[in-house]
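Only one structure is covered here, and it is reproduced in the block below.
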Amino acid sequence: MIDPSFFDEGALVAVLTTQPLDRALDYKAPEGGCHLGAFVEVPLGPRKVLGVVWGPGKGDYDYAKVRSVLRVLDVAPMRSEMRRFLEKAAAYTLTPMPAMLRLATRAPGLGDPPSMRKVYRRGPDEPDRMTDARRRVLEFLAEYGDLSFTLKELAGLSGVTSSVIKGLVKQGAVAEEDSPRDLPFAPLDPNLPGKELTEDQDRAATHVAEAVRAGTYGTTLLRGVTGSGKTEVYLEAVAACLSAGRQALVLLPEIALTAEFLKRVEVRFGARPAEWHSGATMTERRRIWRMIGQGQAQLVIGARSALFLPYQNLGLIVVDEEHDTSYKQEDGVLYNARDMAVLRASLLGAQVVLSSATPSLESWANAESGKYTRLDLEARFGPAVLPTMKTIDMRAETLPSDRWVSDTLKRAVDQRLEAGEQAMLFLNRRGYAPITLCRACGHQVGCDQCDARMVEHRFLKRLMCHQCGETKPMPAVCPSCGAEDRMAPVGPGVERLGEEAVKLFPDARVAVLSSDMYGSARALKAEIEGIAAGGADVVIGTQLVAKGHNFPNLTLVGVIDADLGLQGSDLRAAERTFQLMRQVAGRAGRAEKPGTAMLQTFQPEHPVIRAILAGDEEGFWRAEAAEREAAGVPPYGRMAGIILSGPDAAQVFDAANALARNAVPLARVGAQVFGPAPAPIARIRGRHRVRLLVKAGKGVALQSAIAQWVSQLRLKGDMRLAVDIDPQSFY
Ligand code: ADP
Ligand code: ZN
């Protein structure tokens, strides 16, 4: 019988590579043959590139000229489920397959033999002369039987210097061996006791654990206020998944979340899970990638790209803070990790748990329509109660133009400080000041490459463009009129707010938390832990602090500018503001002490501000849903953003106009085109950007229509076209 999943030597195979080609290429299977899904190295022109055996070859090319696969890499073949997932994800996001494959192989040196390191164990011989130090080493090794240790471990654990061990190696009393670096992960124990759950939590946990045990696809929206124990609940689902012998993935929005979180997971399961994020070293990435493929990593805690790892037997995907905007990849492949998690799970027969205190409207609507199961945790765990919400009407406060903390807020902070508690001032703006202005001529310093203002970062002593990352020194004279010493900062960023706080609260320890102020994610984590342990009295932070951290002694959150997110024309402005304000407020009063959140606003009667204050979530969602439904926008209609960009503005506009005029493939499915218009940020990195918006009814097969439509356009020169299905932000 012929095994359809194996190709004998010389058989034609179609290989998908990570190179930007529009199809898989035919190669001959190498000596020894190869499996369907095998990771291979193939010749492409003068180069060797990575690829995957995607199926039988097409055979539309002279067999004699077809080249052979160079070698099969020593990693588990890509499973058919993963291949289907990549194909479906590509079709959904209109992404070329090679780009999808690149996402799925983000671990360098996959094909390299594993790197080795020296390890030490008991050798066959006795030393010629016994010393105290030598005896300690040998006794330690005797105690651990056949285990081996690195030099550092062995020296540290037996309390000797490494030269003592080297001496023993020479004598044959200790054996030195090479061992692969890519070690399996320590096994996790799902049977360790979890916390004793409340009735509410237990009901939710039982539900998700049973769903996992059933081994079928399903999505659960787990909604509960911050601190209600959602994490405890989904860890029970993870336990059920591990007990069933399947792998689990927990996606987190920000790497800053993980310090505290990993500790919790380690306590719950007795060992550290695999950690997948951009800060992981290359070696660690490769280790995780391989171990997951071999089933030797049971649990991955990761950022969104962990979704594309080669799980052998994935049974559960948790998307924590599912509403978070960082799940939407905004560069390279445009995908939403939450939606892709649901897709992947549905192909696998796995469960998805979407956890949030403030779900996205999409998930809320999916639960309403019965597509998702919805579980609610109503109360905060233990004595903690939800913070009291208040507004501060900034029209009634008289503040000089270089101050942002109102007297009312200042008094509230003073009270907390007297009580020995922490207060937080929240402002979602990095840097010192958003605008640098010449007081002589009114000129504002902009980025040379982008249509954006340069933001002063006093800490870095530079001006920075938040679009492209370009920096330049603060000009001493105005670049426009040449006036000296007239450049002035306008408006607050967190650094400036920090300055104000030091003046207002001279006896308090003030800490500013902003992602750009710490050299590394590790340093930032350390700072957050220090603050949680009481290392600061007044904490000033950006969005970063709104996410998941526990500050037990924090009882007041002051939002400096609650109106900030309501400006602009973004479809999700109201939703975002509502979520962010509730998340920030949720930082207050996490432990025994009740908390208060105060929102400084110039429009206290704005419906969104009122909904935040009233805490009427269902009411807010219903109103928001009705508005979107009436406008026919997501999740009640479909949308896609098309961005054309290039160095020449006129050329980009001409191309966009041509596209808009030839929209027959869209008209056929009843979709409409709006634009072209300059994108909200009309220039980034020197490229002019023009936007078209496509709107269609809910049931429309939008992707194929768009693919057909844009394929009519021949892109000239350096022009590029990007399609964003279900755009999250409009920039
Ligand atoms: P959420 O994920 O909803 O924000 P967490 O799961 O982080 O909530 O719970 C908030 C805090 O309360 C955590 O410190 C957690 O350990 C604690 N907690 C929640 N439920 C329990 C429980 N049943 N027993 C003991 N501690 C709990
Ligand atoms: Zn720029």
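When you line the sequence shown up against my numbering, it's residues 1 to 731, in that order.
C-beta: ideal position from N, C-alpha, C; glycine also.
Keeping to the same chain, check which residues put their C-beta closer than 7 Å to that of Arg-286; ignore five residues upstream and five downstream. Counting only Cβ-Cβ distances below 7 Å, and skipping sequence neighbours, we find Ala-107, Pro-108, Gly-109, Leu-110 and Asp-182.
### Query
Cβ of Gly-123 within 7 Å of Cβ of Val-174?
Against a cut-off of 7 Å, the Cβ pair of Val-174 and Gly-123 comes out as a contact.
Please state whether DSSP places Ala-523 in a helix, a strand or coil.
Shown here, Ala-523 sits in a helix according to DSSP, grouped into three states.
query: Roughly how many whole angstroms lie between the Cα atoms of Thr-18 and Met-424?
result: Spanning the two alpha carbons is a distance of roughly 47 Å.
message = Using only CA atoms, which one of Pro-479, Met-517 and Arg-117 lies nearest to Pro-442?
response = The residue asked about is misnamed: residue 442 is Gly in this sequence, not Pro. Checked all of Pro-479, Met-517 and Arg-117; the closest Cα to Gly-442 is Pro-479.
Practice item. Please list the segments of the beta strand (DSSP E) lying wholly inside the region 432 to 514, counting only runs of 3 or more residues, in order along the chain. Key: Correct list: 435 to 438, 454 to 457, 462 to 465, 487 to 490 and 510 to 513.
- Query: Quick one, are the C-beta atoms of Val-559 and Phe-426 less than 7 Å apart?
  - Reply: The answer is yes: Cβ separation under 7 Å.
For the beta strand (DSSP E) that contains His-688, what are its first and last residues? Here the beta strand (DSSP E) through His-688 covers 687 to 696.
Start and end of the beta strand (DSSP E) containing Val-40?
It spans 39 to 44 - the beta strand (DSSP E) in which Val-40 sits, taken as one unbroken run.
Q) Could you check where the alpha helix (DSSP H) with Asp-132 kicks off and where it finishes? A) Counting along the chain, the alpha helix (DSSP H) containing Asp-132 begins and ends at 132 to 143.
**Message:** Rounded to the nearest angstrom, what separates Val-512 and His-457 at their Cα positions?
**Reply:** One C-alpha to the other measures close to 13 Å.
(Q) Between which residues of its own chain and Gln-579 is the CB-CB distance below 6 Å, once the five residues before and five after are set aside? (A) These residues qualify, in order along the chain: His-323 and Thr-358.
According to DSSP, what are the bridge partners of Lys-88? Its beta-bridge partners do not exist; DSSP assigns none.
Is Thr-220 a contact residue of ligand 1, with contact defined as CB to any heavy atom under 6 Å? Thr-220 Cβ: outside cutoff for every heavy atom of ligand 1.
Among residues of its own chain, excluding the 5 on either side of Gly-761, which ones have a beta-carbon nearer than 7 Å to its beta-carbon? Summary: the structure shown does not reach residue 761, with the chain confined to residues 1 through 731, and so no result is reported for it.
Is Thr-577 near ligand 1, with its Cβ less than 6 Å from a heavy atom? Every heavy atom of ligand 1 is 6 Å or more from the Cβ of Thr-577, so no.
Taking contact to mean 3 or more Cβ pairs, one atom from each stretch, closer than 8 Å, check whether the region 73 to 91 and the region 142 to 156 are in contact. No: the two stretches stay apart, fewer than three of their Cβ pairs being nearer than 8 Å.
Proximity test, Thr-226 beta-carbon vs ligand 1 heavy atom, cut-off 6 Å: Because some heavy atom of ligand 1 lies under 6 Å away, the Cβ of Thr-226 counts as near it: yes.
Query raised in the report: When DSSP builds the beta bridges, which residues end up paired with Leu-544?
Result: Leu-544 pairs with nothing; no bridge assigned.
Check for me: the alpha helix (DSSP H) holding Met-97 runs from which residue to which? Met-97 -> alpha helix (DSSP H) spans 97 to 104.
Review point. Taking Cβ to Cβ, would you say Asp-26 is nearer than 7 Å to Gly-55?
Key: No, Cβ-Cβ distance for Asp-26 and Gly-55 is not below 7 Å.
Exposed or buried, which one is Ala-256 when buried takes at least 16 other CB atoms within 10 Å?
Confidence is the limiting factor: at Ala-256 the pLDDT is only 45, short of 50, which leaves the residue's position unreliable, though a coordinate-based value still follows. So Ala-256 ends up on the buried side.
- Enumerate in chain order the residues of its own chain whose CB-to-CB distance from Asp-22 is below 8 Å, with the five nearest sequence positions on each side excluded. The residues are Pro-96.
Q.
Going by DSSP in three states, Ala-256 sits in which element: helix, strand or coil?
A. Only weak support exists for where Ala-256 lies, its pLDDT of 45 falling under 50; the value from the coordinates is given anyway. Here Ala-256 sits in helix by DSSP.
Ala-597 and Ala-585 closer than 7 Å at C-beta: Closer than 7 Å, so yes.
| task | Classify Asn-366 as helix, strand or coil using the three-state DSSP reduction. | result | Asn-366 carries a helical assignment under DSSP once its states are collapsed to helix, strand and coil.
**Prompt:** In or out: Met-719 buried (at least 16 other Cβ within 10 Å) or exposed?
**Reply:** So Met-719 counts as buried.
Measuring CB to CB, does Gln-294 end up less than 7 Å from Ala-104?
Cβ atoms of Gln-294 and Ala-104: not closer than 7 Å.
Please report how far the alpha carbon of Lys-461 lies from the alpha carbon of Pro-594, in whole angstroms.
Rounded to the nearest angstrom, the two C-alpha atoms are 40 Å apart.
Check your understanding: What is the DSSP secondary structure of Asn-662, counted as helix, strand or coil?
Key -> In this structure, DSSP gives Asn-662 a state outside helix and strand, which the three-state scheme calls coil.
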